[in-house]
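Here the protein sequences come in this chain order: C and A. The first sequence begins at 33 in the numbering used here and counts up one residue at a time. The second sequence begins at 180 in the numbering used here and counts up one residue at a time. Cβ atoms here follow ideal geometry from the backbone N, Cα and C, with glycine treated the same way.
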Amino acid sequence: MFNSILIANRGEIALRIVRACKEMGIRSVAVHSEADFESLHVQYADADICIGSAHSSESYLHIPSIISAAEIADVAAIHPGYGFLAENARFAEICRSCNIVFIGPAVEVIQLAGNKIEARRVMREHGIPVVPGSDGIVSSSEEALDVAHKIGFPVIIKAAAGGGGRGMRAAHNDASLVNAFTTAQTEAEAAFGDRSVYVEKLIDNGRHVEFQILGDKHGNVVHLGERECTIQRRYQKLMEEAPSTALDPKLRKAMGKAAIEAARAVNYDNAGTIEFLLDERGKFYFLEFNSRIQVEHPVTEEVTGIDIVKEQIRLAAGERLGFTQRDININGWSIECRIFAEDPDNGFCPCPGQITQFNVPGGPGIRIDTHVCEGYTVPSYYDPLLAKVIAWGRNRDEALKRAVRAMEETVIEGVPTTVSLTLRILRDRRFQVGNINTSFVESLLLTKRSSGRM
Amino acid sequence: MDTSELRDLIKMFEQAAITELEYDVEGVKIRLKKDMSQTPAADANPKAASQPASEKASVEEQERSAESPELPVIESPMVGVFYRSSAPDVPPFVEPSDYVAEGQTICIIEAMKIMNEIPAPMSGKLVQTLVGNGEPVEFGQPLFVLEPVQV
Chain C
33 MFNSILIANR GEIALRIVRA CKEMGIRSVA VHSEADFESL HVQYADADIC IGSAHSSESY
93 LHIPSIISAA EIADVAAIHP GYGFLAENAR FAEICRSCNI VFIGPAVEVI QLAGNKIEAR
153 RVMREHGIPV VPGSDGIVSS SEEALDVAHK IGFPVIIKAA AGGGGRGMRA AHNDASLVNA
213 FTTAQTEAEA AFGDRSVYVE KLIDNGRHVE FQILGDKHGN VVHLGERECT IQRRYQKLME
273 EAPSTALDPK LRKAMGKAAI EAARAVNYDN AGTIEFLLDE RGKFYFLEFN SRIQVEHPVT
333 EEVTGIDIVK EQIRLAAGER LGFTQRDINI NGWSIECRIF AEDPDNGFCP CPGQITQFNV
393 PGGPGIRIDT HVCEGYTVPS YYDPLLAKVI AWGRNRDEAL KRAVRAMEET VIEGVPTTVS
453 LTLRILRDRR FQVGNINTSF VESLLLTKRS SGRM
Chain A
180 MDTSELRDLI KMFEQAAITE LEYDVEGVKI RLKKDMSQTP AADANPKAAS QPASEKASVE
240 EQERSAESPE LPVIESPMVG VFYRSSAPDV PPFVEPSDYV AEGQTICIIE AMKIMNEIPA
300 PMSGKLVQTL VGNGEPVEFG QPLFVLEPVQ V
């Protein structure tokens with residue numbers, strides 16, 4: 033087992049990793065930028081090293097600084113968290129060459145996960161259903177039109193090197209397709225430095241269902257059930273739940289099996305997520321796979337009782353999976369609400385500032401993952417996620433009631449937040465009966481605007 | 180008061196068992212402050228010698244001690260290992276009381292096996308080196324105290 037781990041991240045996930053280290057008796061080393069000196073995880077970690085100025089490019093994304101810090105702190109492994117360098121194959125490669133264990137899958141798997149087109153091809157080869165689309169990169173709008181005519185409108189143009197909902201443009205007809213194609217290319221270039229795009233069928237009213245997988249270095253793979261991540265705004269997740277209301281045991285078994293096959297197809301080890309799109313008729317398609325721990329991992333932890341971060345550490349240290357698929361049970365229901373320092377009445381613009389009041393909820397079935405406390409200054413340099421409020425109940429109804437109670441108890445002053453929007457979603461009839469799809473939030477926001485209600 | 184007298188005053192103050200000294204004579208005002216736990220060593224502040232990778236408070240203490248003569252401080256531009264000279268058996272780039280020109284190499288910080296020569300961001304007279312040879316340093320950590328020189 034590692035005697036020390038360097039956490040190459042910040043915010044709530046860095047604190048999450050420090051907590052796992054504490055429980056495992058592993059020395060935690062937090063690297064941070066000048067903007068994060070007072071951050072909770074920096075104070076809580078066993079040691080901390082300032083690695084650069086506030087800008088991510090000079091700190092959290094600056095590989096030489098992180099590796100240099102790892103060397104002077106003499107750590108055995110680095111946990112990259114999510115975002116930043118978590119899916120950077122080059123970083124994983126450098127760790128490998130410096131004899132530092134990168135807590136995540138192998139370099140080649142990270143590379144494949146980042147290549148959406150190649151990943152689709154591998155899945156197709158292994159008989160896993162993928163969303164209908166182009167075989168590879170589409171280099172001209174004529175080609176895009178060809179594909180669209182073959183698979184049928186509507187379609188979505190996606191960045192091959194993309195992720196996080198960026199570099200994606202929908203098109204419902206020939207005219208909008210040409211525009212969408214060039215816009216997507218430009219966005220892809222700006223966001224990922226690679227203008228390669230591909231075309232996929234846009235499945236209207238689809239549901240985004242993802243499966244958590246764990247694999248050891250000895251060929252054993254299990255899945256920890258699904259997460260429903262359909263509540264999104266501009267492809268950014270706002271709320272997640274486990275399990276999904278759309279899956280019956282039969283479908284869960286089939287999708288779980290496909291998830292494991294997908295993991296094996298790419299020789300996956302450590303923690304990862306296989307994302308599927310589920311259409312209205314109950315057909316599922318592989319979308320992409322992610323080689324990092326996900327923001328919404330807590331809902332899976334709550335219903336399975338498995339600590340995913342600890343498992344990541346164990347698996348990276350070469351240990352075998354301590355359980356088989358049969359040992360994994362989904363118990364109860366969990367709903368996670370993400371709270372952002374964003375103003376929903378102002379185009380969701382991120383709002384840095386100082387938190388003057390921070391009352392977090394508590395009581396039965398409530399878990400809070402946050403790095404924020406009263407007096408904390410939300411920096412402008414990073415993503416505006418403040419906290420995750422996770423409710424668990426014996427069934428969805430109880431989880432929902434607890435989530436509503438928790439969000440009502442939450443008081444955050446000093447910056448505008450998305451708390452009120454989340455409450456609206458939780459109280460919505462359609463959400464309560466589980467009748468949701470990917471356009472849910474947008475339609476809710478439109479209703480609000482047209483009715484003029486606050 | 181000229182700079183050599185100032186240097187003498189600082190040296191005297193460092194050795195003395197007082198924490199604060201204020202000198203106000205004929206328009207020249209000087210205030211010196213220090214933390215009592217500082218030893219009177221001319222270089223290598225013992226607090227700065229503690230690894231930044233080990234337990235808390237070392238950064239704040241370094242900042243306090245570097246502040247004590249309230250002279251400008253050169254901070255580390257990167258994370259790595261600090262070396263005072265280009266090789267083990269070679270004299271240091273700069274020693275206390277040396278004049279340092281802006282752009283002059285004052286130390287090496289090793290990061291990922293690369294020896295980075297660090298240039299002085301300003302000119303002045305070196306008062307104190309705050310880090311021991313071979314010690315790890317973090318970004319922004321105070322390395323040298325300089326005394327600005329009147330042109």
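Could you have a look at Asp80 (chain C) and say whether DSSP puts it in helix, strand or coil?
In the three-state DSSP reduction, Asp80 (chain C) falls in the strand class (E or B).
If I follow the unbroken beta strand (DSSP E) through Ala193 (chain C), where does it start and stop?
187–195
Mind listing, in chain order, the continuous beta strand (DSSP E) runs of no fewer than 3 residues lying wholly within the stretch 294–324 of chain C?
If only complete runs of 3 or more residues are kept, the stretch 294–324 of chain C shows the beta strand (DSSP E) at 302–310, 316–322, in order along the chain.
Out of C:Arg426, C:Glu368, C:Pro411, C:Pro164, state which residue places its alpha-carbon closest to the alpha-carbon of Asp401 (chain C).
C:Glu368
Less than 9 Å separating the beta-carbons of Ala67 (chain C) and Tyr414 (chain C)?
Contact flag set, yes.
Applying a beta-carbon distance threshold of less than 9 Å, which residues of chain C neighbour Phe261 (chain A)?
Those within 9 Å of Phe261 (chain A) in chain C number zero; the least Cβ separation is about 10 Å.
As a quick exercise: from C:Arg456, C:Asn469, C:Ile188, pick the residue whose alpha carbon is nearest that of Thr479 (chain C).
C:Arg456
Kindly identify the DSSP beta-bridge partner or partners of Asp187 (chain A).
Answer is none; Asp187 (chain A) lacks a bridge partner.
I want to verify the contact list: residues of chain C whose CB lies under 9 Å from the CB of Phe323 (chain A), in sequence order.
The premise fails here: Phe323 (chain A) is roughly 18 Å from chain C at the closest Cβ pair, so nothing lies under 9 Å.
Classify Thr336 (chain C) as helix, strand or coil using the three-state DSSP reduction.
helix
Per DSSP, which residues does Pro448 (chain C) bridge with? Please list them.
The partner list for Pro448 (chain C) (beta bridge, DSSP) is empty, contrary to what the question assumes.
Flag this pair as touching only if the stretch 319–326 of chain C and the stretch 381–399 of chain C have three or more C-beta atom pairs under 8 Å; answer yes or no.
no
Check distances from the C-beta atoms of the stretch 305–319 of chain A to those of chain C and list, in chain order, the residues that come in under 7 Å.
For the stretch 305–319 of chain A, residues whose beta-carbon sits nearer than 7 Å to a beta-carbon of chain C comprise Pro315, Glu317, Phe318, Gly319.
Going along chain A in order, which residues have a C-beta closer than 7 Å to the C-beta of Gly84 (chain C)?
Phe318
Helix, strand or coil for Ile493 (chain C)? Go by DSSP, reduced to three states.
This structure gives no information on residue 493 (chain C), because the portion of chain C shown stretches from 33 to 486.
For Val252 (chain A), decide whether its Cβ has a neighbour in chain C, counting only Cβ atoms nearer than 9 Å.
It does not: the Cβ of Val252 (chain A) has no partner Cβ on chain C nearer than 9 Å.
Could you check what DSSP says for Gln10 (chain C) in three-state terms: helix, strand or coil?
The shown model of chain C, from 33 to 486, leaves out residue 10 (chain C), and the question about it has no answer.
Who are the near neighbours of Thr262 (chain C) in its chain, counting only those whose CB is closer than 7 Å to its CB and skipping five residues on each side?
Arg239, His240, Ile468, Asn469, Thr470, Phe472
Leaving out the 5 sequence neighbours to the left and right, which residues in its chain are closer than 7 Å to Leu250 (chain A) when beta-carbon positions are compared?
Val306, Val324, Leu325, Glu326
What residues from chain A crowd round Ile132 (chain C), counting only those whose CB sits closer than 8 Å?
Near Ile132 (chain C) there are no residues of chain A at all, since even the closest Cβ is about 11 Å away, more than 8 Å.
Roughly how many angstroms lie between the CA atoms of Arg186 (chain A) and Tyr92 (chain C), to the nearest whole one?
41 Å
Pairing CB atoms from the stretch 59–77 of chain C with CB atoms from the stretch 114–128 of chain C, are three or more of them under 8 Å?
No, they do not touch.
Please return the same chain residues whose Cβ sits closer than 7 Å to the Cβ of Ala202 (chain C), not counting the five positions on each side in sequence.
Pro186, Ile188, Ala212, Leu234
Using the rule of at least 16 other Cβ atoms within 10 Å of the residue's Cβ for burial, across every protein chain shown, is Ala236 (chain A) buried or exposed?
Residue confidence for Ala236 (chain A) is low, a pLDDT of 45 falling below 50, so the modelled location carries little weight; the figure read from the coordinates is stated next. Exposed: under 16 other Cβ atoms inside 10 Å.
Who are the neighbours of Met294 (chain A) on chain C, taking C-beta pairs under 8 Å?
Result: empty, since nearest Cβ-Cβ is about 12 Å, beyond 8 Å.
Check distances from the C-beta atoms of the stretch 55–82 of chain C to those of chain A and list, in chain order, the residues that come in under 7 Å.
Val61, Glu66, Ala79, Ile81, Cys82
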